[in-house]
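A.B. asks: Dropping a structure here in structure tokens format, bear with me for questions.
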Amino acid sequence: MFARTLIAAAAAMALSGAAWAQDADHPKDKTLVVGSDFGVAPWMVRGASGPEGFGVDMIKEVGKRIGRPGVEIVDINFSGLFAALFSKRIEFTVNPLNITAERAERMLYTEPFFATGNGFIIRAADSMNGFEDLKGKQLAVNRGTISDTWATQNAEKYGFEVQRYDTFPDSVQAVITRRAFTALNEIPTAVYAASQNKAIKVGFKDFNGRNFGYAFRLESTQYRNTVEAAIECMKKDGTLTKMYEKWYGSKVDPGSSISTVFPGWGPPGFKGYDATPHEMSCK
Numbered sequence: 004m005f006a007r008t009l010i011a012a013a014a015a016m017a018l019s020g021a022a023w024a025q026d027a028d029h030p031k032d033k034t035l036v037v038g039s040d041f042g043v044a045p046w047m048v049r050g051a052s053g054p055e056g057f058g059v060d061m062i063k064e065v066g067k068r069i070g071r072p073g074v075e076i077v078d079i080n081f082s083g084l085f086a087a088l089f090s091k092r093i094e095f096t097v098n099p100l101n102i103t104a105e106r107a108e109r110m111l112y113t114e115p116f117f118a119t120g121n122g123f124i125i126r127a128a129d130s131m132n133g134f135e136d137l138k139g140k141q142l143a144v145n146r147g148t149i150s151d152t153w154a155t156q157n158a159e160k161y162g163f164e165v166q167r168y169d170t171f172p173d174s175v176q177a178v179i180t181r182r183a184f185t186a187l188n189e190i191p192t193a194v195y196a197a198s199q200n201k202a203i204k205v206g207f208k209d210f211n212g213r214n215f216g217y218a219f220r221l222e223s224t225q226y227r228n229t230v231e232a233a234i235e236c237m238k239k240d241g242t243l244t245k246m247y248e249k250w251y252g253s254k255v256d257p258g259s260s261i262s263t264v265f266p267g268w269g270p271p272g273f274k275g276y277d278a279t280p281h282e283m284s285c286k
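Below is the structure:
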């Protein structure tokens, strides 16, 4: 009996310690500090009065719904984003981050909330009908992104050369100045960039089932679930759909992850997913 009591007490202390650690990392009475690359329009760009875009509107609404008094978005190049997360400089990521099996080994994701794929930006006078048109060409990517990963894995297969840049605008500029044939990024980002500059267009779209999610440190399970619950409510009441239509200027495709609430916690099919059912509690 005494041994069982000690075990129970130790378990309670462990849970208490974990809860305390979460409170310390995510203080409810302090400004929510998150990180993103500001160079990806219309997700997040630096405006006259601070960052603006779909990602800004989304995280500010999430901050309100989880009861934080304000939101600070730290501008971090993608190549430094995960280091900022793991060092606790930020609480979680809010950039357009693809959910991948490799990344899920090192961090926790929310459920998917934004569908995407590969968008190839080319000069307006050029053409691209498929991957075969990349042979012998230069492809520009934002260093460290999923686009960089795809390019690295497929350069030899399709016969192109990879150019790496620290920001998305730099990769687009490489196309405009003819240093590269194409710049690769997420489809929504590529479409928006082309709509803002007549010198470029989206030459080819590769829809491949990828999705964005917020990423947390592995120990932040309870906090991840809290944030995800807010996102689910934003899907249910149409808030995310309205934000998408505002910033991307088009309707959400039926069945898109931006309006679909997934069962359990986290992204189904990836490490960190918890299939435990839960009731939505939206105010």
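Just remember that this note's numbering sits 3 ahead of the position in the sequence shown, which is counted from 1.
Even glycine gets a Cβ: it sits at the ideal position worked out from N, Cα and C.
On a predicted model such as this, the values are computed, not experimentally measured, just so you know.
1) Once the 5 residues before and after Lys-63 are set aside, which same chain residues still bring their CB inside 6 Å of it?
2) Report yes if the CB atom of Ala-186 is closer than 8 Å to the CB atom of Ala-143, and no otherwise.
3) Closest to Val-43 by CA distance: which of Ile-79, Asp-129, Gly-275 and Gly-269 is it?
4) Counting along the chain, where does the alpha helix (DSSP H) carrying Asp-173 start and finish?
5) Three-state secondary structure (DSSP) at Met-47?
6) I want to know whether the segment 88 to 95 touches the segment 217 to 236 - three or more CB-CB distances under 8 Å.
7) Since Ile-124 and Val-230 are thought to touch, with beta carbons under 8 Å apart, how far apart are those beta carbons, to the nearest angstrom?
8) What number of angstroms, rounded off, separates the C-alpha of Gly-267 from the C-alpha of Phe-210?
9) Skipping 5 residues on each side, what residues in its chain have a beta carbon closer than 7 Å to that of Pro-191?
10) If Arg-109 sits next to Val-178, beta carbons under 8 Å apart, how far is it from one beta carbon to the other, in whole angstroms?
11) Verify whether the separation of the beta carbon atoms of Arg-146 and Asp-169 is less than 8 Å.
12) I'd like to confirm the pairing. Which residues does DSSP put opposite Ser-39 in its beta bridges?
13) Tell me which residue opens and which closes the alpha helix (DSSP H) that Lys-67 is part of.
14) Which of the three DSSP states is assigned to Val-97 in this structure?
15) What are the uninterrupted segments assigned as beta strand (DSSP E) that are 3 or more residues long and contained completely in the segment 179 to 224, given in chain order?
16) From this set, Gly-66, Val-77 and Arg-71, which residue's C-alpha is nearest Phe-41's C-alpha?
17) Under the assumption that Phe-273 contacts Ile-102 (Cβ atoms under 8 Å), give the Cβ distance between them as a whole number of angstroms.
18) Need the endpoints of the beta strand (DSSP E) that Ile-125 sits in, please.
19) Along the chain, where does the alpha helix (DSSP H) containing Arg-167 start, and where does it finish?
20) Identify the residues that DSSP records as bridge partners of Trp-153: which are they?
21) Beta-carbon separation of Gly-206 and Met-131 under 8 Å?
22) Quick one: what's got a C-beta closer than 8 Å to Phe-57's C-beta in the same chain, skipping five residues either side?
23) Just to confirm before moving on: does the CB-CB distance between Leu-111 and Ser-223 stay below 8 Å?
C.D. replies: If we stick to the structure as given:
1) Around Lys-63: Val-74.
2) Contact: yes.
3) Nearest C-alpha to Val-43: Ile-79.
4) For Asp-173, the enclosing alpha helix (DSSP H) begins and ends at 171 to 179.
5) Correct three-state label for Met-47: strand.
6) Contact between the segment 88 to 95 and the segment 217 to 236 is present, because at least three Cβ pairs lie under 8 Å.
7) No, Ile-124 and Val-230 are not in contact; Cβ-Cβ is about 32 Å, not under 8 Å.
8) One C-alpha to the other measures close to 26 Å.
9) Correct list, in chain order: Thr-119 and Tyr-251.
10) Approximately 32 Å separates the beta-carbon atoms of Arg-109 and Val-178; this is outside 8 Å, ruling out the contact.
11) Yes; because the gap between Cβ atoms is below 8 Å, this pair is in contact.
12) Listed as beta-bridge partners of Ser-39 by DSSP are Asp-78.
13) Membership of Lys-67 in the alpha helix (DSSP H) is indicated by the continuous run 57 to 68.
14) Of the three classes helix, strand and coil, the one that applies to Val-97 here is coil, per DSSP.
15) Look at the segment 179 to 224 and you find these whole runs of beta strand (DSSP E), each 3 residues long or longer: 185 to 189 and 203 to 215.
16) In this structure, Val-77 is the residue among Gly-66, Val-77 and Arg-71 with its C-alpha nearest to the C-alpha of Phe-41.
17) So it is a contact: roughly 6 Å between Cβ atoms.
18) Ile-125 -> beta strand (DSSP E) spans 117 to 126.
19) DSSP places Arg-167 in no alpha helix (DSSP H) but in the uninterrupted beta strand (DSSP E) bounded by 164 to 168.
20) Its beta-bridge partners do not exist; DSSP assigns none.
21) A contact, by the Cβ cut-off of 8 Å.
22) In its chain, beyond the 5 residues on either side, Pro-45, Trp-46, Met-47, Met-246, Tyr-247, Lys-249, Trp-250 and Tyr-251 have a beta carbon closer than 8 Å to the beta carbon of Phe-57.
23) Going by C-beta atoms, Leu-111 is nearer than 8 Å to Ser-223.
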